[in-house]
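First up is the structure itself, then whatever we jot down about it.
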Amino acid sequence: MNTGSGDSRGGVNLPALRGYNEALLLDLLRGAGPAGLGRADLAARTRLTPQAVSKITARLGADGLIAEAGRAASTGGKPSTLLRLVPGVRHAVGVHLDRDELRAVRVDLAGRVVAESGGPLDFGAGPEAAVDAVVRAVARLGDPSGLPLLGVGVAAPGPLDHRAGAMGRVTGFPSWKGFPLRGVLEGLLGLPVLLDKDTNAGAAAAAGAWLRAAWPDADADGAGVGVGVGAARAAGPGVRVGVGADVEADADAYGSGSRTCVYLHVGTGLGAGLWLGGGVYRGARSAAGEFGHQVLLLDGPPCRCGARGCVEVLCLGAVARGDLSEAARILGEGAANLVALLDVDRVLLGGRVVAAAPEVFVAGVGAVLAARALDPARPVVALAGAGVAEGAAELALAPLFGRPG
Numbered sequence: 019m020n021t022g023s024g025d026s027r028g029g030v031n032l033p034a035l036r037g038y039n040e041a042l043l044l045d046l047l048r049g050a051g052p053a054g055l056g057r058a059d060l061a062a063r064t065r066l067t068p069q070a071v072s073k074i075t076a077r078l079g080a081d082g083l084i085a086e087a088g089r090a091a092s093t094g095g096k097p098s099t100l101l102r103l104v105p106g107v108r109h110a111v112g113v114h115l116d117r118d119e120l121r122a123v124r125v126d127l128a129g130r131v132v133a134e135s136g137g138p139l140d141f142g143a144g145p146e147a148a149v150d151a152v153v154r155a156v157a158r159l160g161d162p163s164g165l166p167l168l169g170v171g172v173a174a175p176g177p178l179d180h181r182a183g184a185m186g187r188v189t190g191f192p193s194w195k196g197f198p199l200r201g202v203l204e205g206l207l208g209l210p211v212l213l214d215k216d217t218n219a220g221a222a223a224a225a226g227a228w229l230r231a232a233w234p235d236a237d238a239d240g241a242g243v244g245v246g247v248g249a250a251r252a253a254g255p256g257v258r259v260g261v262g263a264d265v266e267a268d269a270d271a272y273g274s275g276s277r278t279c280v281y282l283h284v285g286t287g288l289g290a291g292l293w294l295g296g297g298v299y300r301g302a303r304s305a306a307g308e309f310g311h312q313v314l315l316l317d318g319p320p321c322r323c324g325a326r327g328c329v330e331v332l333c334l335g336a337v338a339r340g341d342l343s344e345a346a347r348i349l350g351e352g353a354a355n356l357v358a359l360l361d362v363d364r365v366l367l368g369g370r371v372v373a374a375a376p377e378v379f380v381a382g383v384g385a386v387l388a389a390r391a392l393d394p395a396r397p398v399v400a401l402a403g404a405g406v407a408e409g410a411a412e413l414a415l416a417p418l419f420g421r422p423g
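Each residue of the sequence shown is one higher than the last, beginning at 19 in my numbering.
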């Protein structure tokens, strides 16, 4: 995310860009947390005129999206009024469609989980059954205030076409090829729907965890049950996730957009999400991140993709044998290839297999990266700060803050 003191996006003083400028101010206030920012700060950071900022904040206040957060410390004159985002005024839903289960969360404008739901799912039963499960999950998580949701983000196994909102040839599930999942759900839900790969949603959640850390577990609005609920639950006791995994300390660097990371997801499959240049990198055909199907062992065991010796078949084979240390080593070898190609700042791990033994995977991947590093400034290896469903919700929120979904 590209918010806070490092945000370099400028506003434009043109009436036609009213919506853009509103989103820009909301994004800054979101990054500032409950402490808020003054109008002068907002004008300086956006390069909008003070008059434009006053008009925009008046509209946002009338819509209930922002409120006063107190007064700034006096520097000799009249103390300025601070403004903050009101997180609980609107919500979005994120859905993770996995091969054997569905998890959905409702989040507030700060990205904090306020409700969640989940259950088994047979992805192989076909699109119609999955669509019905998503509709029921969204209905269960509807905003109790009666306000319509801002949107729904759906994360599903790839490959898929993010731009067209259609599923691709998901390995092992041919009935999904070409299914227009986004359009079907929009017709049934009457809401904007964003469709992306589960790994891309994981990257969005992982790279944006620092932003949610700016908001406490509950604020004056009474909204929010804490950041990274799903990740903390999955990781287990004694494991540092989210802000504890050096996310908070690196907030300014993430905010500048200069930080890059790769999110590696190990579950029923294995894939990667790439956070490059301040956003998810999907590639020209939404095909970036097919990490699991890089070949590590020529003439190795056959993979379900049709190749042999892929990272996925080797890693998941080790998991099936109960050899998690070997699975972590194999994952680390694939990660080292990716780090060498992209020169990323951090490698973040998630998915149910990692959640079952987080220390093993963080240590194992870290050891391989250390052994293969050509530069002493090697990337940080840590657990992701949130789950895939949270990332899908984050992508659904993105348009409100002027971010690409």
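Beta carbons are placed, not taken as given, at the ideal position from N, Cα and C, and that holds for glycine.
First and last residue of the uninterrupted beta strand (DSSP E) at residue i
i, result
"C279", "C279 to V284"
"L314", "Element bounds for L314: n/a, residue is neither H nor E."
"A70", "Unbroken run through A70 is the alpha helix (DSSP H), P68 to A80; no beta strand (DSSP E)."
"V125", "E119 to D126"
Beta carbon of residue i nearer than 8 Å to that of residue j
i, j, result
"L332", "L356", "no"
"F197", "A182", "no"
"L288", "V280", "no"
"A222", "E412", "yes"
"G201", "K195", "no"
"G106", "D126", "yes"
"L387", "L282", "no"
"L206", "V170", "no"
"A373", "G220", "no"
"W233", "P52", "yes"
"A224", "L78", "no"
"A325", "A336", "no"
"H180", "D216", "no"
"P397", "R364", "yes"
"G310", "E330", "yes"
Boundaries of the alpha helix (DSSP H) in which residue i is found, first to last residue
i, result
"G352", "L342 to L360"
"G384", "P376 to R390"
"G335", "V329 to A338"
"E408", "V406 to L415"
"D150", "P145 to R158"
"D59", "R57 to T64"
"L206", "L199 to L207"
Inter-residue Cα distance where the pair is residue i and residue j
i, j, result
"A58", "P68", "7 Å"
"P97", "G409", "38 Å"
"Y38", "G56", "19 Å"
"L178", "A90", "48 Å"
"V156", "R230", "22 Å"
"L47", "G327", "48 Å"
"A400", "L139", "29 Å"
"A416", "L167", "13 Å"
"G307", "A76", "42 Å"
"E164", "A110", "Note on residue identity: the sequence assigns Gly, not Glu, to residue 164. Looking at the two C-alpha atoms, the distance is approximately 13 Å."
"D116", "T286", "8 Å"
"L44", "V298", "21 Å"
Beta-carbon separation (whole angstroms), residue i vs residue j, contact threshold 8 Å
i, j, result
"V371", "V284", "4 Å"
"V406", "A133", "The Cβ separation is near 17 Å, so there is no contact."
"S343", "V380", "About 12 Å separates the two Cβ atoms, so there is no contact after all."
Cβ pair count under 8 Å reaching 3, the region 136–153 against the region 83–90
When C-beta atoms of the region 136–153 are compared with those of the region 83–90, fewer than three pairs fall below 8 Å, so the two segments do not count as touching.
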